[in-house]
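Written below as structure tokens is the structure these notes are about.
Residue numbers (our numbering): -7 to 355.
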């Protein structure tokens, strides 16, 4: 038993020879249970594989449960755990494609698939996988720029798993997944990245603000357009209604005037109608004469202003002439040389065409 312990310590020192001291401090090594002694009857735990050598040569791998061995001849040489193993990959330096030095670490998840290869294919499986993961990480980071490292972490993890499985297949180990824990960049690069992020956010804010302003102006313009269209339609409807109202008013006035004329003609045809017409003409003459001074400063007056009876007689004569049947009307004859001074002859009445009105100027 003491010889086995000394042999294990010598193998451990030999496997760690040439490893930097910093890596030895941070690298985690896990070991399976200690090598059991051959007691003829052995009970192998679940998820463990015991590699048995007979007279120094590989004999078989014990399955979990009850097993029998020949004392002295058979010896348990390796104990391999078949559980999933978690290995912490220590922090390391790597240079990206754009010459930025990064400090990166990760976590590796693996499982021993073939205990025979894991026992005889490599001296220290966990240490070998750890070194392989570190070198593969440096190689993969050298293919990517700094921005791509942060954007494509999932792709980087998948590439790591693929590269590790290709190399660790001969060791009987399968890498299940690799996850990057932390990525540390130099302080100046970190400040530059922070400024870039702030500039990008300011750019987005400016773009969003400009888009909001544009949409607001578009909405205002659309509102003005709709309001002008509605206002024009309202004005159109108003004009149509106004025109319809005026037309109705004209029609109503025309009907009222026609009825008034008809009623007047009926009244004049009755007895004493001419006297009523003379009275109406006299009243209109007096009313018109009273309103002359209110309209303008210049007044034209007839020569016989006080002779109201002659004006009424003249108006009634015109009325009698117009009311005679058309068959009894005589066609007036006008002399071209005396057209301005000749009287107008209609029936038995004559009316002067010209009446001299004295011009009275009121100041």
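The C-beta atom is built at its ideal place from N, Cα and C for all residues, glycine as well.
For clarity, every value in this text was computed on a predicted model and none was experimentally measured.
DSSP bridge partner residues for residue 165 (one or two, in chain order): 104
In the DSSP assignment, what residue or residues form a beta bridge with residue 176? 95
Residues of its chain near residue 129, where Cβ-Cβ distance is below 8 angstroms and the 5 sequence neighbours each way are ignored: 81, 84, 86, 96, 98 and 152
Boundaries of the beta strand (DSSP E) in which residue 64 is found, first to last residue: Neither: residue 64 is in no beta strand (DSSP E) and is coded neither H nor E.
Measuring straight from C-alpha to C-alpha, what distance separates residue 111 and residue 104? 10 angstroms
Classify residue 71: buried if its beta carbon has 16 or more other beta carbons within 10 angstroms, exposed otherwise. buried
Is residue 36 near the ligand MN, with its Cβ less than 7 angstroms from a heavy atom? This structure does not include the ligand MN; it has no bound ligands of any sort.
Since I believe residue 67 is in contact with residue 40 (beta carbons under 8 angstroms), could you give me their beta-carbon distance rounded to a whole number of angstroms? About 17 angstroms; that fails the 8 angstroms criterion.
Opening and closing residue of the beta strand (DSSP E) in which residue 40 lies: 40 to 46
Give, in chain order, every unbroken run of the beta strand (DSSP E) that is at least 3 residues long and sits entirely within the region 178 to 233. none
DSSP-derived helix/strand/coil call for residue 71: strand
Going by C-alpha distance, which of 145, 165 and 190 is nearest residue 75? 165
Based on Cα-Cα distance, which residue from 250, 101 and 240 lies nearest to residue 173? 101
Taking all protein chains shown into account, decide if residue 160 is buried (16 or more other Cβ within 10 angstroms of its Cβ) or exposed. buried
Residue 232 versus residue 226 - alpha carbon distance: 10 angstroms
Residues near residue 258 in its chain [Cβ-Cβ closer than 8 angstroms; skip 5 each side]: none
Look at the alpha carbon of residue 215 and the alpha carbon of residue 229, and state the distance between them as a whole number of angstroms. 21 angstroms
What residues in its chain sit with their C-beta under 6 angstroms from that of residue 167, if we drop five residues either side in the sequence? 102, 153, 156 and 157
Among 185, 91, 123 and 150, which residue has its Cα nearest to the Cα of residue 170? 150
Buried or exposed, going by whether 16 or more other CB atoms sit within 10 Å of the CB of residue 147? exposed
Bridge partners of residue 36, per DSSP? 57
Please classify residue 276 as buried or exposed, where buried requires at least 16 other C-beta atoms within 10 Å of its C-beta. exposed
Spatial neighbours of residue 175 within its chain, please: CB distance less than 8 angstroms, with the 5 preceding and 5 following residues excluded, ordered by chain position. 94, 95, 96, 141 and 142
DSSP three-state assignment for residue 116, whether helix, strand or coil: coil
Where residue 80 falls: helix, strand or coil (DSSP): strand
Around the C-beta of residue 19, are 16 or more other C-beta atoms found within 10 angstroms, so that it is buried, or is it exposed? With a pLDDT of 41 at residue 19, under the threshold of 50, the modelled position of that residue is not reliable, and no figure is offered here.
Measure how close the beta-carbons of residue 122 and residue 77 come, nearest whole angstrom, since I'm counting them as under 8 angstroms. Contact flag wrong, Cβ pair sits at about 11 angstroms.
Three-state secondary structure assigned by DSSP to residue 144: coil
Across the region 49 to 59 and the region 31 to 38, are there enough close Cβ pairs to call them in contact, namely three or more that are closer than 8 angstroms? yes
Near residue 144, which residues of its chain fall below 7 angstroms by C-beta distance, leaving aside the five closest residues on each side in sequence? 136
Where residue 124 falls, given that 16 or more other Cβ within 10 Å makes a residue buried: buried
Looking only at C-alpha atoms, which of 27, 63 and 42 sits nearest to residue 54? 42
My assumption, with CB atoms under 8 angstroms, is that residue 27 sits in contact with residue 88. Please give the rounded CB distance. Actually they do not touch by this definition, with Cβ atoms about 45 angstroms apart.
From 191, 177 and 223, residue whose alpha carbon lies closest to that of residue 90: 177
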